[in-house]
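Worksheet: the structure to be examined is printed underneath.
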Amino acid sequence: MSILSSILTTFSNATADALSAQNARNQIWEAVQKASADGEITAEEIADIKKLAAKLDIDASYIQNLRLTVLKDLAQHISQDKTVTAGEMQLFEELTKEINPIPVEQIELKQIYEQLKSLMSEK
C-alpha cells in the first residue's frame, strides 16, 4: 500500500461538499509533501494525488501551482550538497516536462535547470 493510499482511504467516505476548500487544499498539500519526502515521486503517488484531487474537487490551476512548488523544493533539496547527480537531474527534467508550465514559469524553471546543471557531478 502506498503512502498516499492511506490518505485516500481516510477520505473515502468524505465528499467534497463536506470539506472546506482550505481543508481540501491542506489535504492535497499534505499528500504532495508525503509523496516528495523521499526526493522521488512515483507514478503511483502521482496517480493517488490526482485521485484525491478529483475526489476533493480541487481546481487544476491549484494542482499546477503545487507541482511548481514541489519542483522548486526538489531543486533546492538536490542542490543542498552543491553536487547534482545525473539521476537527480533526470528526475528534475522528467518532472519539468510533466507540469506544462506557462511562459513565465518556463523562464524560472530554465534558470533553476541551469543552476542545477552547473552543479552536475562528473560521476
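In the working numbering, the protein residues as written are 38 to 160. C-beta: ideal position from N, C-alpha, C; glycine also. Quick caveat: nothing in here was measured; it's all calculated off a predicted structure.
query: Since P140 is in the alpha helix (DSSP H), which residue starts that stretch and which ends it?
result: Within the sequence shown, residue 140 is the residue found at index 103, counting from 1. Element bounds for P140: 140 to 155.
message: Taking the straight line between their C-alpha atoms, what separation do you get for T120 and I100?
response: The count along the sequence shown starts at 1 and reaches residue 120 at position 83. The count along the sequence shown starts at 1 and reaches residue 100 at position 63. T120 and I100: Cα-Cα distance of roughly 29 angstroms.
field: Residues bridged to V107 (per DSSP)
entry: Translated into the one-based positions of the sequence shown, residue 107 becomes position 70. Answer is none; V107 lacks a bridge partner.
message: Check this for me: beta carbons of T93 and Q70, under 8 angstroms apart or not?
response: One-based indexing of the sequence shown puts residue 93 at position 56. One-based indexing of the sequence shown puts residue 70 at position 33. According to the sequence displayed, residue 93 carries Leu and not Thr. Against a cut-off of 8 angstroms, the Cβ pair of Q70 and L93 comes out as no contact.
- prompt: For L56, does the three-state DSSP call read helix, strand or coil?
  reply: For the purposes of this step, residue 56 is taken as the residue at position 19 of the sequence shown. Because L56 sits at a pLDDT of 46, beneath the cut-off of 50, its placement in the model cannot be relied upon, and the point is left open.
task: Using 10 angstroms around the beta-carbon of I95, count the other beta-carbons present and answer buried if the total reaches 16, otherwise exposed.
output: Sequence index remark: in the sequence shown, residue 95 carries index 58 (1-based). When all chains shown are included, I95 counts as buried.
message: Within a Cβ cutoff of 8 angstroms, which residues of the same chain sit near L153, ignoring the five residues on either side of it in sequence?
response: Indexing the sequence shown from 1 puts residue 153 at position 116. Hits under 8 angstroms: A112, I115, S116, V121, E125, M126, F129.
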